[in-house]
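The numbers in the UniProt record's numbering rise by one with no breaks, and the one at position 278 of the sequence shown is 278. For each residue, glycine too, the CB sits at the ideal point set by N, CA and C. Notes follow the structure.
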Amino acid sequence: MKRIVQKLIKKKDNTWFQQVEYPPSLPWKLFGFIPLRILLISFLLCLECVITINIADKFHSNIGQIIITIIFFYLIYKTIIYYRRFQKVKQEGKNKNIENDLQYLIHTLKLYDEEVFEIEESDHNGIIRVKKEKRIVRSIKIYYKEDDTRVFVRICKLGDRFTSIASGLSENLASALGLELDSTNSNVNYFEYVFLKFRDRRIDLASSINNQQKNSDLIQISGNISYRLSKTPHSLIVGGTGSGKSFFIFGKIVSYLSLSPQAELKIIDPKSADLSLLRFINGLEDNVATEPNQIAKMLREIVEKMEYRYKNYFNDISAFGKVYTDFGLPPIICIFDEYSAFLHSVDKKLAKEVEDYIFTIVMKGRQAGITIEILMQRPSANDLNTNIRSQMGFKAGLGAMDKIGYNMIFDTNDMDYKTVTEKGGGYIQIDGLHTAPVYFETPYIDKNFDFIGEITRLMNLKNKEEF
1 MKRIVQKLIK KKDNTWFQQV EYPPSLPWKL FGFIPLRILL ISFLLCLECV ITINIADKFH
61 SNIGQIIITI IFFYLIYKTI IYYRRFQKVK QEGKNKNIEN DLQYLIHTLK LYDEEVFEIE
121 ESDHNGIIRV KKEKRIVRSI KIYYKEDDTR VFVRICKLGD RFTSIASGLS ENLASALGLE
181 LDSTNSNVNY FEYVFLKFRD RRIDLASSIN NQQKNSDLIQ ISGNISYRLS KTPHSLIVGG
241 TGSGKSFFIF GKIVSYLSLS PQAELKIIDP KSADLSLLRF INGLEDNVAT EPNQIAKMLR
301 EIVEKMEYRY KNYFNDISAF GKVYTDFGLP PIICIFDEYS AFLHSVDKKL AKEVEDYIFT
361 IVMKGRQAGI TIEILMQRPS ANDLNTNIRS QMGFKAGLGA MDKIGYNMIF DTNDMDYKTV
421 TEKGGGYIQI DGLHTAPVYF ETPYIDKNFD FIGEITRLMN LKNKEEF
């Protein structure tokens, strides 16, 4: 059973994890100080010298001697090359620095069990004496793997005493490796820690807009986090007052309007707050809804546009495997603020109608380029249908939040969330990028940044192009 569990723990994406050996085995050495591998390579080189000299004795011409000398140095060169290849294959996937750090962790925390054994020894007089000696009989099973940006550490769950402490080693591992913890993951076989090799950095919104590539639907969230709108369309963003949610949303709006082709925005703000003021910008007058009937009408029209795209662009075999970007279509992005407040302010019939429209969008919208972003102040499983929430590929929780709130957003019970103190800080999970929520900070926005002015400028550019 243990072997089966260890096989399950070691393999991920067809790449083998390396086991941390403890206690570490000592390399074989002659006379206690000459490594066996050095002896082996020395023996091969000496053998080549002897063979070459014996062959050279049979040639007395200068040309023959030169040829033999060239062959001799070639053999030495190839021997060294093959030796290095052998060492590389032997060490493939291993990082001795990581392994040494994890071995030191096991040693200092005494993550091993010892038993006393009696050993019979005879002295120079032939008298047999019994000596007691401690030996390590078992230790915690740790595996590791690394890629270009992360280090994965898995602790095996074998039902021993180490299973109960597997999930409580985050601080010790972070200190031992000198890396920042990115996320954790747990199942019946192992507990996994994922560490970042490079600390994620907060990007500047203005700079990211200026660096937006033409004909790209890439949205940059932080230094290490980005996603393609065509791959991850629908979003759930939760954050209370002072969390930085409003600035994050306005920043995303600016990013959407910086796309090429420019996104078509639809704004729903049932509380008539800051987002509703976008209706005063040229080009967005008819794209903002605040009243219940307006909201239902806007969502119905979005669904109709989606069906129109399917009918006109995805109605024959040539559209197989394609998405809206292949036809040069702009994404249509609906931002629905204060979703919970809306549901509690309208009758059940209208709430059901709106919910049905949203469900249709999240189920069918990706290929046609129809995206919806639902914004909430507090996470509530009663207000957001599970079928809708499960289709949200982009989930973010901003500001301080209890574990119940995080669990509602991310559908996970195995995460240890740290307290968020930074405005604009929180946790994020993007399908295809994260297997568990990770801490992040929203783009930095200068206090003098003029959202309305920038959105107006971008809309004017679109109006000029259409004109």
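Exercise for the section: Use the C-beta contact count for residue 294: other C-beta atoms within 10 angstroms, 16 or more gives buried, fewer gives exposed. Expected result: Position 294 of the sequence shown, counted from the start, is the residue given in the question as residue 294. Per the 10 Å Cβ criterion, exposed.
Problem - Through-space distance from residue 435 to residue 185, alpha-carbon basis - result: The count along the sequence shown starts at 1 and reaches residue 185 at position 185. The count along the sequence shown starts at 1 and reaches residue 435 at position 435. Their Cα atoms are separated by approximately 8 Å.
Problem - C-beta atoms of residue 437 and residue 410 nearer than 8 Å - result: Numbered from its first residue, the sequence shown carries residue 437 at position 437. Numbered from its first residue, the sequence shown carries residue 410 at position 410. Their beta carbons are under 8 Å apart, which means residue 437 touches residue 410 by this criterion.
Problem - Among 100, 449, 378 and 66, nearest to residue 25 - alpha-carbon criterion - result: Indexing the sequence shown from 1 puts residue 25 at position 25. Closest option to residue 25, Cα to Cα, is 100.
Exercise for the section: Could you say if the segment 389–409 and the segment 233–240 meet the contact criterion of at least three C-beta pairs nearer than 8 Å? Expected result: yes
Practice task
In angstroms with no decimal places, state the Cα-to-Cα distance between residue 69 and residue 53.
Solution key: Taking the sequence shown and counting its residues from 1, the one referred to as residue 69 is at position 69. Taking the sequence shown and counting its residues from 1, the one referred to as residue 53 is at position 53. Computed Cα separation, rounded: 9 Å.
Handout entry: Buried or exposed by the 16-neighbour rule on C-beta atoms within 10 Å, applied to residue 316
Key = Looking up residue 316 in the sequence shown gives position 316. Flag for residue 316 reads exposed.
Practice task
Starting from the Cα of residue 150, find the closest Cα among 312, 98, 285 and 47 and give me that residue.
Solution key: Along the sequence shown, one-based indexing puts residue 150 at 150. Per the Cα distances, 98.
Exercise for the section: With DSSP as the reference, label residue 301 as helix, strand or coil. Expected result: Position 301 of the sequence shown, counted from the start, is the residue given in the question as residue 301. Residue 301 falls in the helix class under three-state DSSP.
Handout entry: Buried or exposed (CB count within 10 angstroms, at least 16 for buried), residue 328
Key = One-based indexing of the sequence shown puts residue 328 at position 328. Exposed is the call here.
Handout entry: Neighbourhood of residue 388 by C-beta, 7 Å cutoff - its chain only, sequence neighbours within 5 removed
Key = Locating residue 388 in the sequence shown gives position 388, counting from the first residue. Same-chain partners within the cutoff: 358, 359 and 362.
Practice task
Round the Cβ separation of residue 182 and residue 196 to the nearest angstrom and send it over; I've been treating them as touching at under 8 Å.
Solution key: Residue mapping note: residue 182 aligns to position 182 of the sequence shown, counting from 1. Residue mapping note: residue 196 aligns to position 196 of the sequence shown, counting from 1. Confirmed, about 5 Å.
Handout entry: residue 376 - partner residues in DSSP beta bridges
Key = As a working mapping, residue 376 is identified with position 376 in the sequence shown. In DSSP, residue 376 forms a bridge with 238.
Exercise for the section: Keeping to the same chain, check which residues put their C-beta closer than 7 Å to that of residue 479; ignore five residues upstream and five downstream. Expected result: Here the chain covers residues 1 to 467 and nothing more, so residue 479 does not appear.
Practice task
Under 8 Å by Cβ, that's how I've got residue 265 and residue 284 pegged, so tell me the actual separation to the nearest angstrom.
Solution key: Residue mapping note: residue 265 aligns to position 265 of the sequence shown, counting from 1. Residue mapping note: residue 284 aligns to position 284 of the sequence shown, counting from 1. With 8 Å as the limit, residue 265 and residue 284 qualify as a contact, their Cβ atoms being about 7 Å apart.
Handout entry: Pairwise C-alpha distance: residue 378 and residue 441
Key = In the sequence shown, counting from the first residue as 1, residue 441 sits at position 441. In the sequence shown, counting from the first residue as 1, residue 378 sits at position 378. Taking the straight line from one Cα to the other gives about 19 Å.
Problem - Simplified DSSP assignment, three categories, for residue 246 - result: In the sequence shown, residue 246 corresponds to position 246, counting from 1. Helix, per DSSP.
Problem - residue 336 and residue 372 closer than 8 Å at C-beta - result: The residue given as residue 336 occupies position 336 in the sequence shown. The residue given as residue 372 occupies position 372 in the sequence shown. Yes, Cβ-Cβ distance for residue 336 and residue 372 is below 8 Å.
Practice task
Inspect the CB distances between the segment 153–161 and the segment 411–430 and report whether three or more fall short of 8 Å.
Solution key: no
Problem - For residue 311, the three-state DSSP class (helix, strand or coil) - result: Locating residue 311 in the sequence shown gives position 311, where the first residue counts as 1. Reduced to three states, the DSSP call for residue 311 is helix.
Practice task
Name the two residues that bound the continuous alpha helix (DSSP H) containing residue 391.
Solution key: Within the sequence shown, residue 391 is the residue found at index 391, counting from 1. Where residue 391 is concerned, there is no enclosing alpha helix (DSSP H), given that its DSSP letter is neither H nor E.
Practice task
Measure the Cβ-Cβ separation of residue 229 and residue 331 and say whether it is below 8 Å.
Solution key: On the sequence shown, position 229 is the one that residue 229 refers to. On the sequence shown, position 331 is the one that residue 331 refers to. Yes.
Problem - Presumed contact (8 Å Cβ cut-off) between residue 202 and residue 443, rounded CB distance - result: As a first step, residue 202 must be located in the sequence shown, where it is residue number 202. As a first step, residue 443 must be located in the sequence shown, where it is residue number 443. Confirmed, about 7 Å.
Problem - Other residues of its chain near residue 247: CB distance less than 8 Å, five sequence neighbours each side excluded - result: Along the sequence shown, read from residue 1 onward, the residue named residue 247 stands at position 247. Only 424, 442 and 445 meet the Cβ criterion.
Handout entry: Nonlocal neighbours in the same chain, by C-beta distance under 8 Å from residue 450, ignoring five residues either side
Key = The sequence position of residue 450 within the sequence shown is 450, counting from 1. Nothing meets the Cβ criterion.
Handout entry: Limits of the beta strand (DSSP E) - the one that residue 130 falls within
Key = On the sequence shown, residue 130 is found 130 positions in, with the first residue counted as 1. Counting along the chain, the beta strand (DSSP E) containing residue 130 begins and ends at 128–139.
Problem - Beta-carbon proximity of residue 385 to residue 353, cut-off 8 Å - result: Against the sequence shown, residue 385 aligns to sequence position 385. Against the sequence shown, residue 353 aligns to sequence position 353. No, the pair does not count as a contact, with Cβ atoms beyond the cut-off.
Exercise for the section: Measure the alpha-carbon distance for residue 313 versus residue 364 and round it to whole angstroms. Expected result: Position 313 of the sequence shown, counting from 1, holds the residue named residue 313. Position 364 of the sequence shown, counting from 1, holds the residue named residue 364. Using only the alpha carbons, I get a separation of about 14 Å.
Exercise for the section: Kindly indicate which three-state DSSP category residue 319 falls into: helix, strand or coil? Expected result: As a working mapping, residue 319 is identified with position 319 in the sequence shown. The answer is helix: DSSP assigns residue 319 an H, G or I state.
Problem - Chain-order list of residues whose beta-carbon lies under 6 Å from that of residue 194 (same chain, five-residue window excluded) - result: Counted from its first residue, the sequence shown places residue 194 at position 194. Cβ neighbours of residue 194 beyond the five flanking positions: 150, 152, 182 and 183.
Exercise for the section: Have a look at residue 468 and residue 113 and give me their C-alpha separation to the nearest angstrom. Expected result: Lying outside 1 to 467, the shown extent of the chain, residue 468 is not represented and no answer is given.
Handout entry: Selected residue, minimal CA-CA separation from residue 249, among 374, 66 and 433
Key = Start at 1 with the first residue of the sequence shown, and residue 249 comes out as number 249. Answer by Cα proximity: 374.
Exercise for the section: Could you give the DSSP three-state label for residue 420: helix, strand or coil? Expected result: Here residue 420 refers to the residue found at position 420 of the sequence shown. DSSP places residue 420 in coil when its eight states are reduced to three.
Handout entry: Residues that residue 218 bridges to, as DSSP identifies them
Key = Start at 1 with the first residue of the sequence shown, and residue 218 comes out as number 218. 228, per the DSSP bridge assignment.
Practice task
Determine the direct distance from the alpha carbon of residue 166 to that of residue 339, and round the result to whole angstroms.
Solution key: Counted from its first residue, the sequence shown places residue 339 at position 339. Counted from its first residue, the sequence shown places residue 166 at position 166. Between residue 339 and residue 166, the C-alpha separation is close to 39 Å.
Exercise for the section: Check each candidate in 16, 400, 188 and 281 and name the one with the smallest Cα separation from residue 457. Expected result: Residue mapping note: residue 457 aligns to position 457 of the sequence shown, counting from 1. Taking only the C-alpha atoms, the option nearest residue 457 is 281.
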